[in-house]
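Just below is one structure, and these are the notes that go with it.
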Amino acid sequence: MISGLPFPTWILMAAATLPGLILIVVSTIIHSRTEGQDTGRRRGKGNDG
Amino acid sequence: MAEAEVIGVLIVYFMILIGIGWWASRDTQSVAGYYLADKSLPSWVIAFSANTTGESAWLLLGLTGMGYMVGFHALWIVLGEVLGVALAWSVVARPFKTLTDRYDAITVPDYLNDRFGDRSHTIRVVSAIIIFTMVGAYTAAQLTASGKAFSSFVGTSYEGGVVIGAIVILLYTSIGGFKAVAYSDLLQGVLMFLSLLLLPIVGIWQAGGWRELMNGIAAIDPALLTPMGSYGLSLAGVASAIGFAGIGLAFLGAPQLLTRFMSARDRVQILRAGPIAVVCIIVFDFGAVLTGIAGRFLFPGLEDPETVLPVMSTTLFPPVLTGIILVVVLAAIMSTVDSLLILASSAVVRDVVQQVFKPDLSDLKLAALGKAVTILIGLGGLITALGESRTIFWFVLFAWSGLASAFTPVVLCSLFWKRTTRAGAIWGMIAGFITTVVWVLIFKERFYDLYEMIPGFGAGFLVTIAVSLGTEPPPGADADLDAVRRVVGGPFSPAPSRRVDEHLIFEGERK
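Given below as structure tokens:
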């Protein structure tokens, strides 16, 4: 037990948060270099970025 | 009788919502304006709007109640939802935005229709039927929550609470359209975020601290502290954990959430919104589960666990704060119902009336029709909710899984598998939807109460893939998906070049 909770429950808590956080941070870093670099139209007819 | 402060806070909140509806109404004179805010929304709005649309009263009443009943076993829900949201924003959102802009799609059926070149409009009609049915059930469930919230907090009758909730929602949604929905979602999301930070902290403090709370819960039932709860490591426990985690799968393709990606101003907003959405869902879900656990210690023996949050609020907080918490519950309800009403209205007006029967109807007339249909669908949900009070948690999840099982497998296949065909999409949607309904009605109890989204997803994917393998893919699909890949890169790889002309890439791939 750690602070009144069994160890497996702490594992579940970490599993519930860390993978999602790591995934979104890594993805955001990877794609932030190229997004917003477009030179041409991004949309179909009628709309303007 | 409720304190005057509670009612005062409620009135101020309702006036703000109606004000947002009026402010947004200027932009509702066209179909694109009414149903997608003219694709103009920034990152904070789409991030909070997606989460609050997905969460609803299910979060504040249902998930807190589940935390109350099963303790830390409810963390499997958090795991599924956080992963679902992270995957949606990192893998699905940007390709989906690119293709829907390419096709000038205003609705998800619009996108599917153009992606598969469906001239017969079968996809539109099937989509509209599924959306209409499930939104009816979902809206009724949320208005049930409104009735429960009003009667718990303010002492009105259940029926009175249902009617008041319905009137306010219908007012600002029918007037202001998607823009009012999205910006009110932002306000409601911020209130939900702050409350779900505050409530567990106050609950733990009232219990005498974290250690005291854990010791107290252990005294009630030690299994509440364990990952598998009272099931232990058994087939039933595994089924429960898988079912709970599966709830988050819907974030990958539920149509009411996909519209947030479509409404973003550009892909840069999506990139910024992803981390906001993930942090937000972590606070939402952890806060709700811990609130329920604290409530189990502080108020053991509640007849309806789904009232743990109102009971905690009215007992532990002064009247003004109680009023604000009630506002937050209503915010959660309204932020979902408004999105569902717009979704269902668009399915009828844009996907069926405009695209199939009356393509020459003016934008102004279509937008007006959209408002009328929004009100009609809302009234249908109201009448159903008045008929019977149901358990919010499972009723909402049934509607959630019906929509998700029908659309998510097909949307994911359409984005990432070139071999997906029109027939595969149609039969995949039907299979996902029918499996969900049949599972709940006939099989669920016999299979450890396994949550219906699991077999629904399974059937949706299986049938989409099997039928697609036996039919021909639409011409040009290869080129479009290759172009998307060149423009946005893969899920975990950047686009090939730093400066890309998207328009030329799409045209080039098609040659």
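Heads up: the protein sequence lines correspond to chains Y and L, in order.
Counting in our numbering, the final residue of the first sequence is number 54, and the numbers go up one at a time with none missing.
Counting in our numbering, the final residue of the second sequence is number 1570, and the numbers go up one at a time with none missing.
Beta carbons are placed, not taken as given, at the ideal position from N, Cα and C, and that holds for glycine.
Going by beta carbon distance, what residues of the same chain come within less than 7 Å of Val1150 (chain L), once the five residues before and after it are set aside?
Pro1550
By the three-class DSSP mapping on this structure, what secondary structure does Ala1313 (chain L) have?
coil
Through-space distance from Glu1271 (chain L) to Leu1134 (chain L), alpha-carbon basis
Approximately 20 Å between the Cα atoms of the pair.
Pull up the distance between the alpha-carbon of Ser1421 (chain L) and that of Ala1083 (chain L), whole angstroms please.
20 Å
Taking just the CA atoms, how far does Ala1241 (chain L) sit from Arg1331 (chain L)?
17 Å
State buried or exposed for Gly1446 (chain L), treating a residue as buried only when at least 16 other CB atoms are found within 10 Å of its CB.
exposed
Please name the residue in L:Ser1233, L:Trp1264, L:Leu1253, L:Val1222 whose C-alpha comes closest to that of Leu1400 (chain L).
L:Ser1233
If distances are taken between C-alpha atoms only, which option among L:Ala1518, L:Leu1428, L:Glu1504 comes closest to Trp1486 (chain L)?
L:Ala1518
To the nearest angstrom, how far is it from the Cα of Leu23 (chain Y) to the Cα of Phe1345 (chain L)?
Near 13 Å, if we compare the C-alpha coordinates of Phe1345 (chain L) and Leu23 (chain Y).
Since Asp1244 (chain L) contacts Phe1107 (chain L) with CB under 8 Å, what's their CB separation in whole angstroms?
6 Å
Given that Ile7 (chain Y) touches chain L, what residues does it touch there, using C-beta distances under 7 Å?
Going along chain L, no residue has its Cβ under 7 Å from Ile7 (chain Y), so there is no contact; the nearest lies around 10 Å.
With a threshold of 6 Å on Cβ separation, who are the neighbours of Ser1527 (chain L) within its own chain once the five nearest residues in sequence on each side are excluded?
Arg1478, Thr1479, Thr1480, Gly1483
Which of helix, strand or coil does DSSP assign to Ile1501 (chain L)?
helix
Taking the Cβ atom as the reference point for each residue, do Leu1202 (chain L) and Gly1440 (chain L) lie within a distance shorter than 9 Å?
yes
DSSP beta-bridge partners for Ile7 (chain Y)?
Y:Leu10
Check each candidate in L:Val1415, L:Tyr1197, L:Leu1158 and name the one with the smallest Cα separation from Ser1473 (chain L).
When the alpha-carbon of Ser1473 (chain L) is set against those of L:Val1415, L:Tyr1197, L:Leu1158, the nearest one is in L:Leu1158.
Going by DSSP, what residue range makes up the alpha helix (DSSP H) through Met1273 (chain L)?
1269-1279
Identify the residues that DSSP records as bridge partners of Leu1100 (chain L): which are they?
L:Ala1323
Are there 16 or more other CB atoms within 10 angstroms of the CB of Gly1515 (chain L), so buried, or fewer, so exposed?
buried
Can you tell me whether Ile1070 (chain L) is buried or exposed, with buried defined as 16 or more other CB within 10 angstroms of its CB?
exposed
One question on the structure: do Thr1112 (chain L) and Leu1316 (chain L) come within less than 9 Å of each other, judged by their Cβ atoms?
yes
Rounding to the nearest angstrom, what Cα-Cα distance links Ile1079 (chain L) and Gly1195 (chain L) in this structure?
Between Ile1079 (chain L) and Gly1195 (chain L), the C-alpha separation is close to 25 Å.
Coil, strand or helix - Ser1473 (chain L) by DSSP:
helix
In three-state DSSP terms, what is Arg38 (chain Y)?
In the structure shown, Arg38 (chain Y) sits in coil (DSSP, three-state: anything other than H, G, I, E or B).
Among L:Gly1220, L:Ser1211, L:Ala1431, nearest to Glu1365 (chain L) - alpha-carbon criterion
When only C-alpha atoms are compared, the closest one is L:Ser1211.
What whole-angstrom Cβ distance do Gly1307 (chain L) and Gly1130 (chain L) have, given they're in contact under 8 Å?
Contact flag wrong, Cβ pair sits at about 19 Å.
Euclidean distance between Cα positions of Ile1165 (chain L) and Ser1405 (chain L)
9 Å
Compare the beta carbon distance of Thr1123 (chain L) and Pro11 (chain Y) with 9 Å and say whether it is the shorter of the two.
no
Apart from the five residues just before and just after Asn52 (chain Y), which ones in its own chain have a Cβ nearer than 7 Å to its Cβ?
Because Asn52 (chain Y) sits at a pLDDT of 40, beneath the cut-off of 50, its placement in the model cannot be relied upon, and the following sentence gives the value as read from the coordinates. Once the five neighbours on either side are set aside, Asn52 (chain Y) has no close Cβ partner at all.
Between which residues of its own chain and Ile1279 (chain L) is the CB-CB distance below 8 Å, once the five residues before and five after are set aside?
Arg1355, Phe1356, Pro1359
Who are the Cβ neighbours of Leu1389 (chain L) in its own chain at under 7 Å, not counting the five residues just before and after it?
Around Leu1389 (chain L), the same chain offers Ser1205, Ala1208, Gly1224 as residues with beta carbons nearer than 7 Å, after the five sequence neighbours per side are excluded.
Buried or exposed, going by whether 16 or more other CB atoms sit within 10 Å of the CB of Gln1413 (chain L)?
buried
Arg1505 (chain L): buried (16+ other C-beta within 10 angstroms of its C-beta) or exposed?
exposed
Taking 9 Å as the CB-CB limit, is Gly1296 (chain L) close to chain Y?
no
Among the residues of its own chain, which have a CB less than 7 Å from the CB of Val1065 (chain L), if the five just before and after it don't count?
If we look at Val1065 (chain L) and ignore the five residues flanking it on each side, its Cβ neighbours are Phe1212, Val1213, Pro1378, Thr1381, Gly1382, Leu1385.
With 16 other CB atoms within 10 Å as the buried threshold, where does Ser1115 (chain L) fall?
The residue in question, Ser1115 (chain L), is buried, as its Cβ has 16 or more Cβ neighbours within 10 Å.
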